[in-house]
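Below you'll find the structure, written out as structure tokens, and then a few comments.
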Amino acid sequence: MANLETALKDAMSIEGAVGVAIVDYNSGLALGTLGSGKDLDLNVAAAGNTDVVRAKMRTMEMLNLHNEAIEDILITLTGQYHIIRPLTHKGSQGIFLYLALDRQRANLAMARHLMRKLEADLEV
């Protein structure tokens, strides 16, 4: 199992990665971040994407989708991809991985595959 620091470094090694955060969506606070720049404040992204995750979970509840789980949420921007992947293994519920990718350099399918592997290996 990977720890927080290792998971952040592994996520940043994904081709096109701009920034990554591991976020507690109960509080909206980032447990750890790596990367970013003048155009990407990961703490702001953590709080904002917490709202996205909570809204989707509320919607699933209202639709009675009790046997479903979110694998990932993909937001496509003109210059970036943003992937939100809730952790599902025991002891890590309430936490999600957030990865911002440069759309010109990223392979979206590979990034999603590697995020799935990170999620499976991460122990928070």
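For the sequence shown, my numbering begins at 183 and goes up steadily by one. Glycine is no exception: its CB is placed at the ideal position from the N, C-alpha and C atoms.
Let me know the secondary structure DSSP gives residue i once reduced to three states.
i	result
D192	helix
A302	helix
L296	helix
L279	strand
A184	strand
Does any heavy atom of the ligand HEM sit closer than 7 Å to the C-beta of residue i?
i	result
M244	The model depicted lacks the ligand HEM and carries no ligand whatsoever.
Mind checking whether residue i and residue j have CB atoms under 8 Å apart?
i	j	result
I252	P268	yes
K305	A184	A quick correction: the sequence has Glu, not Lys, at residue 305. In contact: E305 and A184 (Cβ atoms closer than 8 Å).
R236	Y207	yes
V202	T215	yes
L259	I196	no
Report the CB separation of residue i from residue j in whole angstroms; it is logged as a contact under 8 Å.
i	j	result
A282	V200	4 Å
G219	R287	Not confirmed; about 14 Å, so no contact.
For this session: Could you pull out every unbroken alpha helix (DSSP H) segment of at least 4 residues lying fully inside the region 197-256, listed in chain order?
Result: The qualifying runs are 224-244.
Exercise. How about the region 241-260 and the region 216-228: do they share at least three Cβ pairs that are nearer than 8 Å?
Worked result: These segments do not touch.
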